[in-house]
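Scroll down for the structure; my scribbles are underneath it.
There are 2 protein chains.
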Amino acid sequence: MTTPTRNRRAEILDAAAALFAERGFHGVSIEEIGAAVGVSGPALYRHFRGKEALLTEILLDISGRLSSAGATAAALDPAEALNVLLRGHIEFALGHPELIRVHERELHNVPEADRRAVRRLQRLYVEEWVGVVRDLHPGCAAARVRAAVHAVFGLLNSTPRSVGELGRAEMAAVLEAMALASLRAAVSGR
Amino acid sequence: MTTPTRNRRAEILDAAAALFAERGFHGVSIEEIGAAVGVSGPALYRHFRGKEALLTEILLDISGRLSSAGATAAALDPAEALNVLLRGHIEFALGHPELIRVHERELHNVPEADRRAVRRLQRLYVEEWVGVVRDLHPGCAAARVRAAVHAVFGLLNSTPRSVGELGRAEMAAVLEAMALASLRAAVSGR
DNA sequence: GCCTCACGTTAGTCGCCATTAACATTGACG
DNA sequence: CGTCAATGTTAATGGCGACTAACGTGAGGC
């Protein structure tokens, strides 16, 4: 065997994420995750402490990926930064709808101890957006901006539910237009 | 005892919905649902066929409530109809965030046989929106409108994740402005 | 040629939980 | 009163599934 597969660990994480997205954390057994990568059952314990550790790692990775896309935006002027954040998020949501689903739905299955860390990353990501939007519209109350950003995430993350109706490029364009318009509307209210 | 509680059945459904929203379908035991209404465990089987039947009924009820709010909109002119749909949805989302959560997350735990019925109601609701929006913007492709409507739902349903940052009235206003602006942006693209 | 490490395997074990059984209680109603 | 229907209760029962044990095996290093 000599691991012709790049990295068994990563392979398992991908398979688990896809299964969790489809049937939910409790709807998938360790055995099934193993089967999805060609080993069976308890082999996973050679790579992860347990099922929950798997989920934790998946969620941390997702949050990290989203945030890192935003880190490159930090140096730009606000308008450009917002574009980078927005395109990055859309790219990710259209490219990995399963991950978006897991990220949205499964936090409560992460053991209490690790949940703080996941939440911290999520909060950081939100604050990246909030910071950029506030730079663009300094007069707007922070609470309102935060609410608007959450709403935009909801809009962008709806992707996994409306798959394939539009081509990917058009879908991206529609989402971008909607996100920008709704943000503008939110911050211009006061 | 003589049932001073209006209806045990409804009471159970409410408690179950709240618990499912908080910890997910599999994160809640029958025993806990019973405890939440002051009876314990298998008493629920006097009212429901089983745990899944409970969830099914909850989801059907939610979809029904959303749709019915929209049914009154049918007779109005498109612009008014959209307002009625939008305000109805916002009202519901802000008033029952738990139900929105359950509605979004738990469909896959409904037994195959009943899932069709739930999905049918959901589709009907989406089509109410799509119909109204297409009346308002006849030049826009149906697929694009559908995608936009899904995105708006995502926006409106983000509420349960951004609770309490804003007062309810302001939150409603923000959501309404964002939804209208994003819809307009989506349909004006082509 | 051995030792050991990395990775797997199969066969338990154990606990949780939905569901069912068997047995009250109580109020309406004749 | 006695009966019935509605509604609960507490003890099984049974299955599923996470996790652990005990046991290969093959590849490098020495």
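So the sequence lines, in the order shown, correspond to chains A and B.
Heads up, the first sequence is in the numbering used here, so the first residue is 433 and it goes up one at a time.
Heads up, the second sequence is in the numbering used here, so the first residue is 433 and it goes up one at a time.
Cβ coordinates follow ideal geometry from the N, Cα and C atoms, glycine included.
Here the structure is a predicted model, which means the values were calculated and not measured.
By the beta-carbon neighbour count (other beta carbons within 10 angstroms, threshold 16), residue 481 of chain A is exposed. Around the C-beta of residue 439 of chain A, fewer than 16 other C-beta atoms lie within 10 Å, and the residue is accordingly described as exposed.
Using beta-carbon distances, residue 515 of chain A does not count as an interface residue toward chain B, since no partner is under 9 Å.
Annotation: residue 608 of chain A to residue 450 of chain B spans about 34 Å, alpha carbon to alpha carbon. Assigned with DSSP and collapsed to three states, residue 606 of chain B falls in helix.
Annotation note: the segment 444-531 of chain A contains the following uninterrupted alpha helix (DSSP H) runs of length 4 or greater, listed N- to C-terminal: 462-468, 483-503 and 510-527. Excluding its 5 nearest sequence neighbours in each direction, residue 565 of chain A has C-beta neighbours in its own chain below 6 Å: 577, listed in chain order. Cα atoms of residue 591 of chain B and residue 479 of chain B: separation of roughly 32 Å, rounded to the nearest angstrom.
Here residue 477 of chain B is exposed: its Cβ has fewer than 16 other Cβ atoms, across all protein chains shown, within 10 Å.
Per the C-alpha coordinates, the member of A/598, A/534, A/467 and A/570 positioned closest to residue 495 of chain A is A/534.
Bounds of any alpha helix (DSSP H) do not take in residue 573 of chain B, whose DSSP letter is neither H nor E. In the structure shown, the three-state DSSP call for residue 598 of chain B is coil.
The C-beta of residue 452 of chain B comes no closer than 9 Å to any C-beta of chain A. Against residue 580 of chain A, the close residues of chain B are 606 and 610, in the order they occur along the chain (beta-carbon pairs closer than 7 Å).
Taken through DSSP and simplified to helix, strand or coil, residue 538 of chain B comes out as coil. By the rule that beta-carbons nearer than 9 Å mark a contact, residue 564 of chain A does not touch chain B. Taking the Cα positions, residue 548 of chain B is about 39 Å away from residue 556 of chain A. The straight-line gap separating the alpha-carbon atoms of residue 581 of chain B and residue 596 of chain A is approximately 14 Å. Close partners of residue 585 of chain A in chain B (Cβ separation under 7 Å): 590. Within the segment 525-557 of chain A, the residues whose Cβ lies closer than 9 Å to any Cβ of chain B are, in chain order, 536, 537, 538, 540 and 541. Taking residue 512 of chain B as the centre and dropping the five residues before and after it, the same chain places no C-beta closer than 7 Å to its C-beta. For residue 458 of chain B, the neighbours in chain A by C-beta distance under 7 Å run, in chain order, 458.
If you ignore the 5 residues before and after residue 562 of chain A, its C-beta comes within less than 8 Å of the C-beta of 574, 577, 578 and 581, all in its own chain and listed in chain order. Listed along chain A are 605, 606 and 609, each with a C-beta nearer than 7 Å to that of residue 621 of chain B.
Going by beta carbons, residue 526 of chain A and residue 600 of chain A fall inside the 9 Å limit. Using a CB distance cut-off of 9 Å, residue 463 of chain A does not count as an interface residue toward chain B.
If you check each beta-carbon in the segment 487-500 of chain B against every beta-carbon of chain A, none falls closer than 9 Å.
When the Cα atoms are used, residue 488 of chain A and residue 572 of chain B turn out to be separated by approximately 42 Å.
With respect to chain B, the C-beta atom of residue 597 of chain A has a partner C-beta closer than 9 Å. Contact with chain A is absent for residue 472 of chain B, since none of that chain's Cβ atoms lies less than 9 Å from the residue's Cβ. Contact of residue 618 of chain B with chain A by beta-carbon distance below 7 Å involves 606, 609 and 610.
Cβ neighbours of residue 618 of chain A within its own chain (closer than 6 Å, five residues either side excluded): 580.
One alpha carbon belongs to residue 551 of chain A, the other to residue 570 of chain B, and they sit about 43 Å apart.
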